[in-house]
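Numbering-wise (the working numbering), the sequence shown opens with residue 41 and increments by one.
Here the structure is laid out as structure tokens; the discussion comes afterwards.
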Amino acid sequence: MARDQSGGRWRKAGARRGSSVPPKKSKALWRAIRLLAYWGLVISVWASVVLAGVMAYYAYDLPNPTALGVDYRAPGVTLLAADGAVLGTAGPVHAEPVTLDELPVVLPRAVLATEDRRFYLHG
41 MARDQSGGRW RKAGARRGSS VPPKKSKALW RAIRLLAYWG LVISVWASVV
91 LAGVMAYYAY DLPNPTALGV DYRAPGVTLL AADGAVLGTA GPVHAEPVTL
141 DELPVVLPRA VLATEDRRFY LHG
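See the structure below:
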């Protein structure tokens, strides 16, 4: 090592004053890590802002949770015989009675299918 002519810093022999020494690989690695950390932080902050905005957008239309169970009415069912006699009721009745003809065709079939798949084959 030789002393600089101005009597200042020590530098390697043969190195010229003001020459650019290429940075070490470890400095380049740490620079890349810092750059990735910086952009990762920037992206995560913006992603958090976007996520908060999406949550606020969907939360705006949510119903009040205290009013969810206030006007709940349990369904009521009344079973009638073919002649109109009441066979039984279950639950409170809040609606008008519906005849079998007013129901969609698939609904009675679905109810019968859950009870007995071969209902119509019994004869």
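Ideal Cβ placement from N, Cα and C applies to all residues, glycine included.
Closest in C-alpha terms to E136, from the list G116, R158, A153, comes G116. At least 8 Å separates the beta-carbon of V126 from that of T139. According to the DSSP secondary-structure assignment, G116 is paired through a beta bridge with no residue. Leaving aside the five residues that flank R158 on each side, none in its chain has a CB nearer than 6 Å to its CB. Here A114 is near P132, since their CB atoms are less than 8 Å apart. Following the DSSP letters along the chain, one finds L69 inside the alpha helix (DSSP H) bounded by residues 65-99. For T129, the CB contacts under 6 Å within the same chain, skipping 5 residues up- and downstream, are T118 in chain order.
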